[in-house]
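*Asks:*
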Amino acid sequence: MMGGANWGGAAFNPETGVLYIRAENRINVFKLEKTEPGLAEVDYLPDNMYQPEAVPHSHTSEGEDLPEWAGIYKWRRFQVLCHRQREWENPLWSRLGWRWLREPNDLPDPLGSSVRGHCDRPWIGYQTHCLRATSTLTDRPESQTVSLCSFVTILLDAG
Amino acid sequence: MSRLSTSASGKRMWSFHTIPQEGEYGNETWEDGSWSYTGSTNVWGPFTADAKRGLVYLPVSTPNSDFYGGHRKGDNLFAESIVCLDANTGKRVWHFQTVHHGLWDHDLPAPPNLVTIQVKGKMIDAVVALGKTGFAYVFDRVTGEPVWPIEERPVPESDVPGEQTSPTQPFPTKPPPFSRQGLRLMT
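Protein sequence lines, in the order shown, are assigned to chains A and B. According to this note's numbering, the stretch in the first sequence is residues 509 to 667, in order. According to this note's numbering, the stretch in the second sequence is residues 416 to 602, in order.
Below, the structure is given as structure tokens:
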């Protein structure tokens, strides 16, 4: 599951005791895939995930070899936005590795079927996270988790 | 790490480690010394201050990596927690972790709301922490006691190699979640 509340937060009316929350529902599929060294878009580095140029692949920020869990895997996150939300088409998200897929059919089944039933016109993107993970991962290169959500605004009675 | 500076001089008054350093409360929730190399766990959203009481509330974010925690086993305090600090000293007053050993980036992204609500005829000064979990976590602003019970419930374990998920997660009994809590795959 992804969604819930985000940066917008909530507003409270003290006269009515109602809390107004900008709530989100979003569909995600996370898939752990084995990848080749050097193909990572973003390395996982202790202390600093998002500066792959700052530290060589095989070293920590202190210049020491990574522990034995250093193997390269990547998370591929498929994300579906309902109700024509297209905020990730801006350049910032492009730099972070978001790419647009065409239709729900691009999602791996059976999630694609579920998405088609849930959204009137979904837009789909994916992001690839790469990380260095435990060596035990080499025994089982793939695993997958699934999540779902949509964009709505609701009222919540806090009283 | 969170820091508070005076507005006039910019001099640092105190700092609070959102990843507890050696010897600090909660350090043992980062197994195998993972506190020393794990990043993020920052306060992504703004603080909220109760100026009258001299309290500040920190909505703490998720640790690196957002989606894999095999290299940081344990509950990972104060990740994905609301932390109440004494604004004058930076000392922890209370905290509540909304997700143990976070693996979904389900952190607290928004400033907590200070609310005064009537529950069973009693007025309560409360603070509401909103989660990407779709839950609103409501606490007594001073004591940190949940206004309504928050239950630790068993949750499924991950099958990701190397991962060690928490056997339970906290679920507020009220108010009800404001986003979907599940998905059924249709095959």
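Ideal placement from N, C-alpha and C gives every residue a C-beta, glycine not left out. Here the structure is a predicted model, which means the values were calculated and not measured.
(1) Is there a Cβ of chain A sitting closer than 8 angstroms to that of Asn491 of chain B, yes or no?
(2) With a Cβ-Cβ cutoff of 8 angstroms, do Ala531 of chain A and Gly517 of chain A count as a contact?
(3) Helix, strand or coil for Trp665 of chain B? Go by DSSP, reduced to three states.
(4) Does the Cβ of Thr588 of chain B have 16 or more other Cβ atoms within 10 Å, making it buried, or fewer, making it exposed?
(5) Which of the three DSSP states, helix, strand or coil, is assigned to Arg592 of chain A?
(6) How many Å lie between Thr528 of chain B and Trp563 of chain B at the Cα?
(7) Is any beta-carbon of chain A found at less than 8 angstroms from that of Phe593 of chain B?
(8) Quick check: the Cα distance between Val575 of chain B and Phe482 of chain B, rounded to an integer number of angstroms?
(9) For Gly460 of chain B versus Pro524 of chain B, is the C-beta distance shorter than 8 angstroms?
(10) To the nearest angstrom, how far is it from the Cα of Asp617 of chain A to the Cα of Asp465 of chain B?
(11) Verify whether the separation of the beta carbon atoms of Thr463 of chain B and Pro526 of chain B is less than 8 angstroms.
(12) Chain B partners of Glu532 of chain A, CB-CB under 7 angstroms?
(13) Measuring straight from C-alpha to C-alpha, what distance separates Thr504 of chain B and Trp429 of chain B?
(14) Would you call the CB atoms of Asp447 of chain B and Lys488 of chain B closer than 8 angstroms?
(15) Buried or exposed: Ser424 of chain B, going by 16 or more other Cβ atoms within 10 Å of its Cβ?
(16) Of all Cβ atoms in chain A, is any one closer than 8 angstroms to the Cβ of Gln512 of chain B?
(17) Mind checking whether Asp555 of chain B and Ile539 of chain B have CB atoms under 8 angstroms apart?
*Replies:* Put simply:
(1) no
(2) no
(3) There is no way to answer for residue 665 of chain B, as the model of chain B reaches only from 416 to 602.
(4) exposed
(5) Confidence at Arg592 of chain A is low in this model, with a pLDDT of 30, below 50, so its placement is unreliable and the value that follows should be read with caution. Coil at Arg592 of chain A, not helix or strand.
(6) Inspection of the sequence shows that residue 528 of chain B is occupied by Asn rather than by Thr. So the two alpha carbons sit approximately 16 angstroms from each other.
(7) yes
(8) 11 angstroms
(9) yes
(10) A caution first: Asp617 of chain A carries a pLDDT of 39, below 50, which makes its placement in the model unreliable, though a value can still be read off. Each residue's alpha carbon lies about 49 angstroms from the other.
(11) yes
(12) Ser594
(13) 6 angstroms
(14) yes
(15) exposed
(16) no
(17) yes
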